[in-house]
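Enquirer: I have a structure here, written as structure tokens, and I will follow up with some questions on it.
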Amino acid sequence: NAGVTQTPKFRILKIGQSMTLQCTQDMNHNYMYWYRQDPGMGLKLIYYSVGAGITDKGEVPNGYNVSRSTTEDFPLRLELAAPSQTSVYFCASTTNSPLHFGNGTRLTVT
Amino acid sequence: AQTVTQSQPEMSVQEAETVTLSCTYDTSESDYYLFWYKQPPSRQMILVIRQEAYKQQNATENRFSVNFQKAAKSFSLKISDSQLGDAAMYFCAYRRDMNYGGSQGNLIFGKGTKLSVKP
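The listed protein sequences correspond, in order, to chains P and C.
FYI, in the working numbering the residues of the first sequence are 1456 to 1565.
FYI, in the working numbering the residues of the second sequence are 2 to 120.
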């Protein structure tokens, strides 16, 4: 049972480039989330999904997009990378239980 | 909107001693959950302990226990017999009861407390 799997673990982007952070879970969880963690800060919610085909904005959605075509997958898309998006990104999932987190992606935009 | 405040950016404890990390929160709801997560340098988010607001009894997990004061909206974490492996960032988090209509189930985090353990 792999839990929540995020790829890649690290990535360096140039300003204006695009990329997709992948997240998949094998626990059949309906709820999935993307958080970002800036240095010295707690995690802030970017987007969330309550089930396949349903997504909504969190606290800090600007500059990001998501999709949820299956229960398992919840990719996060950065269209035009900016230095302000340098952060660690966490994907998480749950049903009605504590959140299960992936191991995070460290993204640097230069 | 709910908020979570951790007023101690850094704490230090001697190995084998006890340390308490503070957390306060603000909510108008009566049913919710509170969590403490540990984040070691590997950046994994590890659940330490959870507390259901409807339970008066404080949660305990081995060397970790909480002091939950619902009226005061306080949720502190006590670590007994501290070990070197306890050194990490600790985050307090709040979640609405997912049985509430419209609850997204997401966690609201404090800014964290960095715990150092001295040998």
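C-beta: ideal position from N, C-alpha, C; glycine also.
Kindly indicate which three-state DSSP category Q1492/P falls into: helix, strand or coil?
Expert: Locating residue 1492/P in the first sequence gives position 37, where the first residue counts as 1. DSSP places Q1492/P in strand when its eight states are reduced to three.
Enquirer: What are the boundary residues of the beta strand (DSSP E) that includes V1515/P?
Expert: Within the first sequence, residue 1515/P is the residue found at index 60, counting from 1. Run containing V1515/P: none; DSSP gives neither H nor E here.
Enquirer: Kindly confirm or deny that the stretch 1547–1559 of chain P and the stretch 1478–1492 of chain P touch, where touching means at least three C-beta pairs closer than 8 Å.
Expert: Output reads yes: the stretch 1478–1492 of chain P touches the stretch 1547–1559 of chain P.
Enquirer: Do the CB positions of K112/C and M1496/P come within less than 7 Å of each other?
Expert: Counting from one through the second sequence, the residue named residue 112/C turns up at place 111. Counting from one through the first sequence, the residue named residue 1496/P turns up at place 41. Going by C-beta atoms, K112/C is nearer than 7 Å to M1496/P.
Enquirer: Measuring CA to CA, which of V118/C, F110/C and P120/C is closest to L48/C?
Expert: As a position in the second sequence, residue 48/C is number 47, starting the count at 1. Comparing Cα positions, the closest option is F110/C.
Enquirer: Indicate whether the contact test is met: 3 or more Cβ pairs, each with one atom in the stretch 57–76 of chain C and one in the stretch 7–16 of chain C, closer than 8 Å.
Expert: Counting Cβ pairs under 8 Å, fewer than three are found: no touch.
Enquirer: Taking the C-alpha atoms as reference points, what is the distance between E53/C and R1523/P?
Expert: As a working mapping, residue 53/C is identified with position 52 in the second sequence. As a working mapping, residue 1523/P is identified with position 68 in the first sequence. If you take the alpha carbons of E53/C and R1523/P, they lie about 30 Å apart.
Enquirer: Roughly how many angstroms lie between the CA atoms of Y26/C and F1556/P, to the nearest whole one?
Expert: Within the second sequence, residue 26/C is the residue found at index 25, counting from 1. Within the first sequence, residue 1556/P is the residue found at index 101, counting from 1. Taking the straight line from one Cα to the other gives about 22 Å.
Enquirer: Using the rule of at least 16 other Cβ atoms within 10 Å of the residue's Cβ for burial, across every protein chain shown, is S29/C buried or exposed?
Expert: Along the second sequence, read from residue 1 onward, the residue named residue 29/C stands at position 28. S29/C comes out exposed.
Enquirer: Nearest to F76/C by CA position, among L116/C, M46/C, I50/C and A17/C, is which residue?
Expert: Translated into positions along the second sequence, residue 76/C becomes position 75. Selected option, being the one with the closest Cα: I50/C.
Enquirer: When you compare only the Cα positions, how much space is there between A60/C and R1491/P?
Expert: Position 59 of the second sequence, counting from 1, holds the residue named residue 60/C. Position 36 of the first sequence, counting from 1, holds the residue named residue 1491/P. Cα-Cα distance, rounded: 28 Å.
Enquirer: Determine, using beta carbons only, whether Y1544/P and T1526/P come nearer to each other than 7 Å.
Expert: Working through the first sequence from its first residue, we reach residue 1544/P at position 89. Working through the first sequence from its first residue, we reach residue 1526/P at position 71. It is not a contact, given that the beta carbons lie outside the stated cut-off.
Enquirer: Comparing the C-beta of K112/C with each C-beta of chain P, is any distance below 7 Å?
Expert: For this step, residue 112/C is matched to residue 111 along the second sequence. Taking Cβ atoms only, chain P reaches closer than 7 Å to K112/C, which makes this a yes.
Enquirer: Against V1543/P, what residues of chain C qualify as contacts under a CB-to-CB distance less than 8 Å, listed in chain order?
Expert: Along the first sequence, read from residue 1 onward, the residue named residue 1543/P stands at position 88. The contacting residues are R44.
Enquirer: Which residues, in order along the stretch 55–68 of chain C, keep a beta-carbon less than 7 Å from a beta-carbon of chain P?
Expert: If the cut-off is 7 Å between Cβ atoms, the stretch 55–68 of chain C has nothing near chain P.
Enquirer: Name the chain P residues that come within less than 9 Å of G1/C, Cβ to Cβ?
Expert: What the structure shows of chain C is the stretch from 2 to 120, and residue 1/C is not part of that stretch, so it cannot be assessed.
Enquirer: Exposed or buried, which one is Q57/C when buried takes at least 16 other CB atoms within 10 Å?
Expert: Here residue 57/C refers to the residue found at position 56 of the second sequence. Exposed: under 16 other Cβ atoms inside 10 Å.
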